[in-house]
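One structure below.
Chains as they are written, first to last, in this note's numbering: chain A, 77 to 325; chain B, 34 to 331.
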């Protein structure tokens, strides 16, 4: 399964994207913005404001209520294998019988294709990704034997193994210690340097200021969007978070 | 000793019963692995109840019970698939209301017949000693088909079981994969109905797989162990019931339960004894007991 080639100046375009959980009355007013390759976009806003909803809509996990998402002028569905979602640790079933290598190889499933098993090349890429995440030599350990930070690194290795064009991170800085935070920073920078577009949903404003090139402020609608140095201002943050931002002032 | 093992084999009905229980044991142990990992035990139970009117109608019409159950089971699986897709319905409640009512329909239908207690007994608790050669053949064909599908799609089914978000992100048809899994579970339950009956089949699907999970941390091994424990419990249970004159289905289920309990205590890594030893060691090497040495890359 080959995804269409991607030009250096290709852009990720969200055009009037709205989404929500079935049966929920939560509404995210249509969101539109676009970013170029190598950008790291912080999606920020109060809890319940819709940042996770937006991320999952782009990921294809939630169906879109309206609008469309394109990368390089093509629907995101045509890039599926190259779209990596790094979930929160609680979203996954850690009692599942599988090794770190098994989990990373799952990221290659679209490349492997239906009815096939991973070949030598898939295994090489998976092992190399685990090695880059400092988990070399532990590939056969069961996933529950790893610490929280290591489990996140298994997911990052899986994202690496997808050879992604777009990486979506859901609250990646939550409960992560200093050492693992440094790894996370290095991976995000490496993705960006490779021309990968990174979307990070987070409530950690220090990280947003340090790591992102642009921010999208979400509170049931797109409150503001732009380069981080211009948009990350007390005024926009107050407009986004309302009264919740006592900490920041 | 050899008489104990060989004596029952002189009867054709025991030969058929042994062949059938090996098929049912492998099928339920292997498919049960996915039932346990996906937490589908309740849905499995509902399926077993829901196919009952199909069984009864086929039985009263003199048609193949297996066929009747398969048809109703497939319809039910589709119904559950659609129901669980729409999150507005609380699926537990809907399944509880609807499918147990199906079961009652089956009971009402058969209770109008004369001599229904005996018929009811054989349908509810299975009649593996009365199994026909055709039934054994059909069961074998279903086993081969189910194993082939699992062999071809295990990678995808495992992904959906572990991380459904990944499957959706990669653009996999999760609804259809879920439906396929439900149909595999249905086929397993329907095949098992004749041997151990509606009431006990769930135990045969869940227990060997649960025991297997205690014995290994690998999915393919868990399936193999599940199948082996299912078939082994079936054969041992059948022999015990032959010699003890006890109900075949119930004895088979209790044998599987015994294997589970032994695994729970003695399994090499996840057993209670091993866990206690690990905790004791952990006092000396505290960090080894919990997580692997943590050395993030520079």
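Glycine included, C-beta positions come from ideal geometry on N, C-alpha and C.
Computed from a predicted structure; not experimentally measured.
- Contact annotation: the stretch 168-181 of chain A does not touch the stretch 156-175 of chain B, with fewer than three C-beta pairs closer than 8 Å.
- The residues 300 and 301, in chain order, have a CB closer than 7 Å to that of residue 307 of chain B in the same chain once the five nearest residues on each side in sequence are set aside.
- Taking a Cβ-Cβ threshold of 8 Å, none of the residues of chain B is close to residue 205 of chain A; the smallest such distance is about 12 Å.
- Looking from the CA of residue 284 of chain A, the closest CA among A:94, A:150, A:239 and A:118 belongs to A:118.
- Around the C-beta of residue 146 of chain B, fewer than 16 other C-beta atoms lie within 10 Å, and the residue is accordingly described as exposed.
- Residue pairing for residue 151 of chain A: DSSP places it in a beta bridge opposite A:146.
- Listed along the chain, the chain B residues whose CB falls inside 9 Å of the CB of residue 135 of chain A are 198, 201 and 202.
- Residue contact check for residue 261 of chain A against chain B: no CB pair falls below 8 Å.
- Where residue 263 of chain B is concerned, there is no enclosing beta strand (DSSP E), although the alpha helix (DSSP H) around it starts and stops at 252-277.
- Shown here for residue 101 of chain B: same chain residues with a beta carbon closer than 7 Å to its own, the five before and five after excluded, namely 87, 88, 90 and 91 in chain order.
- DSSP places residue 89 of chain A inside the beta strand (DSSP E), whose first and last residues are 87-95.
- Taking C-beta separations shorter than 7 Å and ignoring five residues to either side along the sequence, the partners of residue 266 of chain B in its chain run 58, 241, 285, 288, 289 and 292, following chain order.
- When C-beta distances to chain B are compared with 7 Å, the residues of the stretch 158-172 of chain A below that value are 159, 161, 163, 167, 168, 169 and 172, in chain order.
- Residue 160 of chain B carries a coil assignment under DSSP once its states are collapsed to helix, strand and coil.
- DSSP, read as helix, strand or coil, puts residue 298 of chain A in strand.
- Using a Cβ-Cβ cut-off of 9 Å, residue 174 of chain A is close to 191, 195, 250, 251 and 252 of chain B, given in chain order.
- Contact of residue 246 of chain B with chain A is assigned, a C-beta pair being separated by under 8 Å.
- Taking the Cβ atoms as the reference, residue 107 of chain B lies roughly 6 Å from residue 216 of chain B, within the contact range of under 8 Å.
- Considering only A:125, A:144 and A:174, the residue with the shortest C-alpha distance to residue 251 of chain B is A:174.
- Think of a sphere of 9 Å around the beta carbon of residue 70 of chain B: the chain A residues whose beta carbon falls inside it are 169, 171, 172 and 173, in chain order.
- Partner residues in the beta bridge of residue 290 of chain A, as assigned by DSSP, are A:117 and A:303.
- Collapsing the DSSP output to three states places residue 84 of chain B in coil.
- In the displayed model, residue 49 of chain B falls within a helix according to three-state DSSP.
- With 16 or more other Cβ atoms from the protein chains shown falling within 10 Å of its own Cβ, residue 282 of chain B counts as buried.
- Neighbours of residue 185 of chain A in chain B, taken as residues whose beta carbon is under 9 Å from its own, are 188, 189, 192, 199, 200, 203 and 205 in chain order.
- Among the residues facing chain A, residue 67 of chain B is not included, as its CB has no counterpart in that chain under 8 Å away.
- Taking CB atoms only, residue 45 of chain B has no neighbour in chain A less than 8 Å away.
- Interface with chain A (8 Å Cβ-Cβ cutoff): residue 301 of chain B is excluded.
- Annotated three-state conformation of residue 274 of chain A is strand, per DSSP.
- In this model, residue 200 of chain A and residue 247 of chain A are separated by some 29 Å (Cα to Cα).
- Short of 7 Å from the beta carbon of residue 226 of chain A, and not among the five residues preceding or following it, lie these beta carbons of its own chain, in chain order: 211.
- Listed along the chain, the chain B residues whose CB falls inside 7 Å of the CB of residue 126 of chain A amount to none; the nearest CB is some 18 Å away.
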